[in-house]
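Student: Residue numbers (this note's numbering), protein chains in the order written: chain A, 103 to 262; chain B, 29 to 629. Beta carbons are placed, not taken as given, at the ideal position from N, Cα and C, and that holds for glycine. What you are looking at is a predicted structure, and each value in this text was computed from that prediction instead of being measured.
(1) For residue 231 of chain B versus residue 153 of chain B, is the C-beta spacing smaller than 8 Å?
(2) Is the CB-CB distance between residue 219 of chain B and residue 569 of chain B below 8 Å?
(3) Chain B beta carbons: is any one of them nearer than 8 Å to that of residue 228 of chain A?
(4) Given a threshold of 16 other Cβ atoms within 10 Å of its Cβ, counted over all protein chains shown, does residue 48 of chain A qualify as buried or as exposed?
(5) Spell out whether any CB of chain A is found under 8 Å from the CB atom of residue 313 of chain B.
(6) Along the stretch 202-232 of chain B, where does the CB come closer than 9 Å to a CB of chain A? Name the residues.
(7) Please identify, using Cβ separations under 8 Å, the residues of the stretch 233-258 of chain B that lie next to chain A, in order along the chain.
(8) Starting from residue 419 of chain B, trace the alpha helix (DSSP H) in both directions and tell me its first and last residue.
(9) Quick one: list the residues of chain B neighbouring residue 155 of chain A, beta-carbon separation under 8 Å, in chain order.
(10) For a cutoff of 8 Å on Cβ pairs, would you count residue 158 of chain A as touching chain B?
(11) Just reading off the alpha helix (DSSP H) that residue 278 of chain B is part of, what are its end residues?
(12) Counting only runs of 4+ residues fully inside the stretch 49-91 of chain B, write out the alpha helix (DSSP H) ranges in chain order.
(13) How would you label residue 495 of chain B, buried or exposed, when you count the other beta carbons within 10 angstroms and need 16 or more for buried?
(14) Please return the same chain residues whose Cβ sits closer than 6 Å to the Cβ of residue 305 of chain B, not counting the five positions on each side in sequence.
(15) Using 8 Å as the limit for Cβ to Cβ distance, is residue 97 of chain B near chain A?
(16) Measuring only between beta-carbons, confirm whether residue 116 of chain A sits less than 8 Å from chain B.
(17) Does the beta-carbon of residue 274 of chain A have 16 or more other beta-carbons within 10 angstroms, so that it is buried, or is it exposed?
(18) Could you please give the first and the last residue of the uninterrupted beta strand (DSSP E) stretch that includes residue 464 of chain B?
(19) Kindly provide the ranges of any alpha helix (DSSP H) runs that are 4 or more residues long and lie completely inside the stretch 452-535 of chain B, ordered along the chain.
(20) In chain order, which beta strand (DSSP E) runs of at least 3 residues are fully inside the stretch 112-184 of chain A?
(21) Under the rule that 16 or more other beta-carbon atoms within 10 Å means buried, what is residue 190 of chain A, buried or exposed?
(22) Cα-Cα, which of B:509, B:280 and B:75 is closest to residue 490 of chain B?
(23) Strictly by DSSP, which residues pair up with residue 326 of chain B?
(24) What number of angstroms, rounded off, separates the C-alpha of residue 177 of chain B from the C-alpha of residue 135 of chain B?
(25) My parser needs the alpha helix (DSSP H) runs of 4 or more residues fully inside the stretch 183-262 of chain B; what are they?
(26) Measure the C-alpha to C-alpha separation of residue 233 of chain B and residue 211 of chain A and round it to an integer number of angstroms.
(27) Could you spell out where the alpha helix (DSSP H) holding residue 369 of chain B opens and where it closes?
(28) Could you check which residue in B:323, B:540, B:588 and B:317 has the C-alpha nearest to that of residue 270 of chain B?
(29) By DSSP, does residue 38 of chain B sit in helix, in strand, or in coil?
(30) On the three-pair Cβ rule with 8 Å, is the stretch 443-450 of chain B touching the stretch 563-580 of chain B?
(31) Answer with yes or no whether the minimum CB distance from residue 325 of chain B to chain A is below 8 Å.
(32) Assign residue 146 of chain A to buried or exposed, taking buried as 16 or more other Cβ atoms, counted over all protein chains shown, within 10 Å of its Cβ.
(33) Going along the stretch 107-139 of chain A in order, which residues come within less than 7 Å of chain B, judged by CB to CB distance?
(34) Does the beta-carbon of residue 339 of chain B have 16 or more other beta-carbons within 10 angstroms, so that it is buried, or is it exposed?
(35) Our contact map puts residue 563 of chain B next to residue 472 of chain B with C-beta atoms below 8 Å; I'd like the distance itself, whole angstroms only.
(36) Bridge partners for residue 81 of chain A per DSSP, in chain order?
This is the structure we're talking about:
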């Protein structure tokens with residue numbers, strides 16, 4: 103079953119454990135510039151939002167890649183993968199991504215984007231609040247939709 | 029180096045000079061980092077008799093070796109300096125993301141020296157360090173300052189700053205970071221103000237490395253699971269914040285009420301964490317690497333007290349609430365927001381207003397002194413108005429902003445100041461909880477609960493629990509907590525992680541992170557070393573055993589109502605044993621043998 107990495111900003115506390123897990127699994131150290139996921143916080147509003155690659159079906163980064171380094175994975179569904187061996191570091195993918203989710207890191211001469219840890223995302227393991235979830239694509243919004251439906255249910259119960 | 033970055037940054041504001049030095053490996057090991065390392069540096073470099081608000085005092089920002097890693101809830105830093113409220117060696121702990129950012133920029137500590145000729149702020153981006161003009165941001169609140177500094181530096185910079193209170197050298201001033209996190213107590217914000225330093229902004233691109241990544245991850249996963257499985261660390265604090273303690277302390281009659289005139293407040297529930305969650309909480313918030321999320325993002329809609337921000341913590345809900353005879357949560361939270369914005373300590377200010385209320389009710393002061401305000405217990409509007417005045421320093425507020433000791437003493441009645449070593453005690457009545465009284469009396473920064481949080485055992489049942497009303501065993505309990513906390517603070521961990529883990533887990537994570545083996549015994553020994561180093565400093569300032577005491581009210585006037593009715597604190601049954609178990613002489617001075625054992629001579 104194909105899985106999707108879901109974000110739940112309503113549950114995010116801005117602790118950045120996802121970033122730390124991402125940095126560590128990729129580099130074995132803690133370097134903010136190495137994270138593929140970012141939890142941005144707006145202190146005044148008290149809101150935090152985790153941001154990471156959406157693994158687009160019709161991915162702009164794949165389209166603009168002149169060498170095929172950025173490609174849909176053949177082994178894992180819902181993954182846009184990056185092949186460092188054929189990448190020429192032209193950085194077109196970083197320009198094309200409308201979300202800013204592909205980034206060039208000069209320190210390691212690499213393109214950083216979420217690789218879902220090849221189907222076992224560490225950020226999900228480390229998130230203490232369930233703000234990141236790795237779920238079947240057929241079920242991705244079922245719980246969210248049902249939770250919202252429950253609010254209608256409560257409202258209807260009150261008026262009926 | 030692993031865990032540590034290996035570099036200390038030194039900025040002399042008088043000379044406008046920036047320099048770097050290598051972190052001394054032995055010193056780092058022997059004092060861990062953060063609070064411990066800062067205490068060592070202050071002890072070595074600052075004359076204990078120096079004017080806390082003069083250019084000879086130094087101000088240190090120091091994260092610990094675990095800061096910046098994914099050790100759970102361990103992203104903290106300390107501010108270490110001579111505290112102007114009372115002259116003690118100050119170590120104020122804060123979370124947010126400022127500490128980790130300092131590590132990523134490459135520094136184990138930032139030492140600020142001297143005094144800038146004009147209002148300035150510091151911008152640190154990795155190796156680039158600039159002292160910049162702060163004329164345009166001087167006078168602004170802490171959230172506005174943060175925005176202005178970010179606009180002038182980097183939108184993702186982490187900013188520690190003072191508000192107007194620190195600029196005016198209010199002795200209750202805090203340093204705030206990420207807008208709502210506070211390095212509070214003892215007036216550290218006034219030290220920053222005295223140096224004409226409005227803010228420190230940091231952005232780092234470097235890495236924090238650990239010595240044994242596999243062992244470190246294994247130790248971290250174990251600690252995470254232990255905290256998440258704990259009812260307080262894993263669930264209670266996220267659901268209700270620290271304010272959950274209001275009802276717990278009130279139920280045992282140890283919620284100080286009306287400036288410690290009583291220990292029970294019948295309507296306390298109205299300002300408790302459950303009420304907060306129901307009425308004001310928008311969502312829980314976590315500091316960097318936190319898995320506990322005790323932070324409260326809150327909003328008050330009530331037009332009289334409208335506002336948004338973070339808080340209140342338990343101590344704040346108490347100080348502006350029951351200690352002022354108030355049960356209006358909207359007013360309490362509004363007072364908290366004001367304190368955040370102006371950068372002032374909520375525990376001390378609430379307690380100081382409570383002191384002023386008692387002075388007013390006893391006729392020591394009148395409406396002539398209080399700018400016409402009827403400052404009686406339970407007067408909610410007056411409490412918020414006095415908070416606002418203390419924040420801005422106008423009228424009677426200027427006196428309040430210097431703390432209750434100076435206030436009460438100026439009217440000839442220091443006995444109404446609920447302080448230890450001139451610092452306001454927090455929200456646990458030592459008459460009903462004996463051990464915390466000993467901790468207040470011996471606390472190295474004066475009245476303070478987070479030097480030795482015996483409440484965890486005496487009230488919350490940790491480690492099998494101990495009866496809060498007995499004095500037996502309390503010296504040992506206090507010493508254990510004081511030593512453990514000194515070492516824990518120095519690692520970069522949050523005190524609340526002890527709701528789940530303890531010394532063994534912290535020592536294990538430290539060992540794997542730094543590559544230097546810390547045994548549990550050694551970890552606690554380092555805590556004891558830090559505690560004694562702080563004590564030595566305070567003795568040199570001029571403190572004596574006579575200062576290791578509580579306000580007379582707590583020793584002689586029994587609690588009047590509630591479950592702890594009739595009780596007083598029996599400090600005299602505990603203090604001699606404490607000195608003895610500490611290896612100090614009868615005057616509270618560490619013996620030569622103890623200092624030798626701790627490598628402090």
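Tutor: Concretely, from the data shown:
(1) yes
(2) no
(3) yes
(4) Not covered by the structure: residue 48 of chain A. The range shown for chain A is 103 to 262.
(5) yes
(6) For the stretch 202-232 of chain B, the beta-carbon criterion of a distance under 9 Å to any beta-carbon of chain A is satisfied by 206, 207, 208 and 232.
(7) 233, 234, 235, 236, 237, 238, 241, 245, 252 and 256
(8) 408-420
(9) Correct list: empty, because the minimum Cβ distance to chain B is about 20 Å.
(10) It does not: the Cβ of residue 158 of chain A has no partner Cβ on chain B nearer than 8 Å.
(11) 273-279
(12) 53-59 and 62-73
(13) exposed
(14) 268
(15) yes
(16) yes
(17) A query on residue 274 of chain A cannot be resolved here, the shown segment of chain A reaching from 103 to 262 and no further.
(18) It is not in any beta strand (DSSP E) - residue 464 of chain B instead sits in the alpha helix (DSSP H) that spans 462-470.
(19) 462-470, 483-486 and 502-519
(20) 140-144, 149-153, 172-174 and 182-184
(21) exposed
(22) If we check each option's Cα against that of residue 490 of chain B, B:509 comes out closest.
(23) B:309 and B:337
(24) 21 Å
(25) 192-195, 216-222 and 241-257
(26) 15 Å
(27) Here the alpha helix (DSSP H) through residue 369 of chain B covers 357-370.
(28) B:323
(29) strand
(30) yes
(31) yes
(32) By the Cβ-count criterion, residue 146 of chain A is exposed, with fewer than 16 other Cβ atoms from all chains shown falling within 10 Å of its own Cβ.
(33) If the cut-off is 7 Å between Cβ atoms, the stretch 107-139 of chain A has 115, 116, 117, 118, 119, 122, 123, 126, 130, 131, 132, 133, 134 and 135 near chain B.
(34) buried
(35) 6 Å
(36) Residue 81 of chain A lies beyond the residue range present for chain A, which begins at 103 and ends at 262; the question has no answer from this structure.
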